[in-house]
Amino acid sequence: MEELLELYSGMGISPPVYNYGESVLEKLSERFAAIDQIAEYNQAKVVSAMQKNRVSAACFAATTGYGYDDMGRDNLERVYADVFHTEAALVRPQITCGTHALTVALSANLLPGDELLSPVGLPYDTLQEVIGIRPSPCSLAEYGVTYRQVDLLPDGTFDYEGIRKAMNAKTKLITIQRSKGYATRPTFSVAQIGQLIVFCKEIKPDVLVMVDNCYGEFVETLEPSDVGADMTVGSLIKNPGGGLAPIGGYIAGTQECIDRCGYRLSAPGLGQEVGANLGLMPALYQGFFLAPTVVAGAEKGAIFAANLYEPLGFRCVPNATESRHDIIQAVELGSEAGMVAFCKGIQAAAPVDAFATPIPGDMPGYDSKVIMAAGAFVQGSSIELSADGPIRPPYAVYFQGGLTWYHAKLGILMSVQKMIDAGLISL
Ligand SMILES: *Cc1c(COP(=O)(O)O)cnc(C)c1O
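Heads up, my numbering is the position in the sequence shown plus 16, with the first residue counted as 1.
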C-alpha cells in the first residue's frame, strides 16, 4: 500500500526493509491461522469462566484498607482457577512481579530441611538469588532449604536417569521453568512438562510440582495445571495481564498449596481474606479477557522475527519453523553492537519513550550488564513490545510482546533497519 510505504519511510523504515518483510510474511499465513485458532479457543475459555462466575459491574468496585469481603478480588481468583482448571488461585496486585509470585509459591511450600529440585537446569536469573544459588539475604538457603539441580541433556531433553538419582527423601518440591528465560535452550511444551511431572510423581507421589509459566500463558490450549502441576505461576505484566494490568502476579493450584501461598503473602491466619484491590479490578479482568488475542499477536511477532533474522545469518531460538510454546524469540546477534542496534530499533518503534536510546547497564537480580528496550505504557511490561538480554556470549537478544501484531511488526522492521544503518547487515 502506497500510503503505508510513505508513512513507514517517514518513520525511518526504507522500502527495501518493508518489502523484505512482506516477502517473509507471504509464507506465514498458515501458521498465523493456526495461532488464531488457539486464540479463539482461549478467548472462549476465558469468557466462559467469566460467565460461570457471574462477573458483573459490582466486581469492578475499588476496595481499600484491609479489603475484607472484596468480592471483585475473590471472584477474579475463581475466574483464574476456572481458566487454569485448578481448585484455587491467588491473583493479587500485592504480588509485585513474577519473581515475587514464584518466591511466595516456593517459600510457602518449603520448610527448613526440605529440598528443592530443578530438573531443567539453572532457573531464571532472579530465581537464583531467591533459592540461594547466588548467596543472598533471605534466600531459601538461609532458611535451611537445600537445592539440587539436574541439567538438561546436550540435546535439550530431560535427563530422566539424573532426575531419578537426584530425588531423595528430602525432595519436597520440583520447580519446572517452561520458558527458556535468558538461556538458549528450547522452551518446553505443556505436553513435555506433563511427561516430566508424571515421571517425577511416579518416583515420589507426594512431591509438589511448581511450574514457572512466565510467557507461556495462552500460547497453547492447555496450561501446566492441566497436566499435573500443583502450582502454576506467572506475572500479570506478561501474558495474562493482557497489557492492561499495571502490576500483579498469580498462582493457580491446589487448595492446599494456594492456602499456604495466601498465608505467606499476607500473614498466617489472615491469608486471602485481606488485600484491598485499590481500584485495579477493571484492568485485571479486562486484561485477562484480552490476553488470548494479545498473546496471539505477540507470538506472530516472534515468528516474524525468526523468519526475518534467520535468513540474514543469525541463529534464532526457536528457529524459523519450529513450534512455539511461549512468546519469546531469542536472536543471537553475536556482538554487543548487534544487541544495541536491535534494541534501538525496538525502542524507536515504541508509542512511549521512542526518543530514548537504550544502553547496557546493571540491573538488580542479574549478574551481568543488561540492555533493555521498552517503550511501554506499564513500566517494565514485557507483554508490550520489548527486547532485552544480558551482555554476554552469545549476545542474544530476547524479544517479546507487542500489544498488537502490527506494532510487533513495526518494531521488528525497525530493528532490521537499525542493523542496516549500523552497517551490521545488508539485504
Ligand atoms: C520474567 C520471568 C520471571 C520473573 O518475572 P519478573 O516479573 O521479571 O520478576 C521468572 N521466570 C521467567 C521464565 C521469566 O520469564
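C-beta: ideal position from N, C-alpha, C; glycine also.
Using the rule of at least 16 other Cβ atoms within 10 Å of the residue's Cβ for burial, across every protein chain shown, is residue i buried or exposed?
| i | result |
| --- | --- |
| GLN67 | exposed |
| ASN255 | buried |
| LEU286 | exposed |
| CYS154 | exposed |
| VAL214 | exposed |
| ALA60 | exposed |
| TYR57 | exposed |
| TYR414 | buried |
| MET17 | exposed |
| SER64 | exposed |
| ALA207 | exposed |
| LYS188 | buried |
| SER25 | exposed |
| GLU239 | buried |
| PRO202 | buried |
| LEU324 | buried |
| SER397 | buried |
| ASP222 | exposed |
| ASN125 | buried |
| ALA389 | buried |
| THR237 | exposed |
| GLN53 | exposed |
| GLY83 | buried |
| ARG70 | exposed |
Who are the near neighbours of residue i in its chain, counting only those whose CB is closer than 6 angstroms to its CB and skipping five residues on each side?
| i | result |
| --- | --- |
| VAL107 | LEU92, GLU93, TYR96 and TYR266 |
| ILE274 | ALA104 and LEU106 |
| ILE441 | LEU328 and MET435 |
| GLN288 | GLY278 |
| ASP167 | GLY137 |
| VAL394 | ILE253 and PRO262 |
| TRP421 | GLY313 and LYS316 |
| MET379 | VAL386 |
| THR79 | ASP86, ALA292 and ASN293 |
| GLY197 | TYR140 |
| GLY295 | ALA78 |
On the three-state DSSP scale, how would you describe residue i?
| i | result |
| --- | --- |
| LYS385 | coil |
| VAL413 | strand |
| SER251 | strand |
| SER402 | strand |
| ASP460 | The chain is shown from 17 up to 443; residue 460 falls before or after that span and cannot be answered. |
| ARG164 | strand |
| MET355 | helix |
| LEU132 | strand |
| CYS332 | strand |
| GLU348 | strand |
| GLY269 | strand |
| LEU390 | A small fix is needed here, since residue 390 is Ala in this sequence, not Leu. In the structure shown, ALA390 sits in a strand (DSSP, three-state: E or B). |
| ALA143 | The identity of residue 143 in the sequence shown is Leu, whereas the question assumes Ala. LEU143: helix per DSSP, three-state reduction. |
| VAL227 | strand |
| GLY257 | helix |
| CYS154 | coil |
| PHE76 | helix |
| MET430 | helix |
| SER339 | coil |
| ARG70 | coil |
| LYS360 | helix |
| LYS425 | helix |
Counting only the same chain and skipping the five closest in sequence on each side, list residues whose C-beta sits under 7 angstroms from that of residue i.
| i | result |
| --- | --- |
| GLU315 | ILE51, VAL235, ARG340 and ILE343 |
| GLN193 | VAL136, PRO139, TYR140 and ASP228 |
| GLU158 | GLY148 |
| GLY172 | ARG201 and PRO202 |
Counting only the same chain and skipping the five closest in sequence on each side, list residues whose C-beta sits under 8 angstroms from that of residue i.
| i | result |
| --- | --- |
| GLY28 | ALA364, MET430 and GLN433 |
| CYS75 | MET87, GLY88, ASN91, LEU92, MET297 and TYR301 |
| THR270 | THR102, GLU103, ALA104, ASP246 and MET247 |
| TYR411 | GLU348, LEU349, GLY350, SER351, GLU352, GLY354, MET355 and GLY405 |
| ILE407 | GLU352, MET355, PRO376, SER384, LYS385, VAL386 and ILE387 |
Are the stretch 129-138 and the stretch 99-112 touching, with three or more C-beta to C-beta distances below 8 angstroms?
-> Touching, no, given that fewer than three Cβ pairs across the two stretches are closer than 8 angstroms.
May I have a chain-ordered list of the alpha helix (DSSP H) segments no shorter than 4 residues that lie completely inside the stretch 26-56?
-> DSSP runs (the alpha helix (DSSP H)) wholly in the stretch 26-56: 31-41.
Touching by the beta-carbon criterion (3+ pairs, under 8 angstroms), the stretch 247-254 and the stretch 131-150 | The answer is no - the stretch 131-150 does not touch the stretch 247-254, with fewer than three Cβ pairs under 8 angstroms.
The stretch 368-383 touching the stretch 339-350, judged by at least three CB pairs closer than 8 angstroms | Note that the stretch 368-383 does not touch the stretch 339-350; fewer than 3 beta-carbon pairs, one per stretch, sit closer than 8 angstroms.
Counting only runs that start and end within the stretch 91-122, where is the alpha helix (DSSP H) found for 4 or more residues in a row?
-> Counting whole runs of 4 or more residues, the stretch 91-122 contains no alpha helix (DSSP H) stretch at all.
In chain order, which beta strand (DSSP E) runs of at least 3 residues are fully inside the stretch 176-214?
-> As far as the stretch 176-214 is concerned, its whole beta strand (DSSP E) runs of at least 3 residues are 187-193.
Given 8 angstroms, three or more beta-carbon pairs between the stretch 301-310 and the stretch 259-279 | Three or more Cβ pairs drawn from the stretch 301-310 and the stretch 259-279 lie within less than 8 angstroms of each other, which places the two stretches in contact.
Contact between the stretch 223-230 and the stretch 109-123: three or more CB pairs below 8 angstroms?
-> The stretch 223-230, when compared against the stretch 109-123, does touch it at the 8 angstroms Cβ threshold.
Is it a yes or a no for the stretch 35-49 touching the stretch 320-337, going by three-plus beta-carbon pairs under 8 angstroms?
-> Yes: the two stretches touch, three or more of their Cβ pairs being nearer than 8 angstroms.
Which runs of the alpha helix (DSSP H) spanning at least 4 residues fall entirely within the stretch 280-337, listed in chain order?
-> If we require 4 residues or more, the alpha helix (DSSP H) runs fully inside the stretch 280-337 come out as 297-325.
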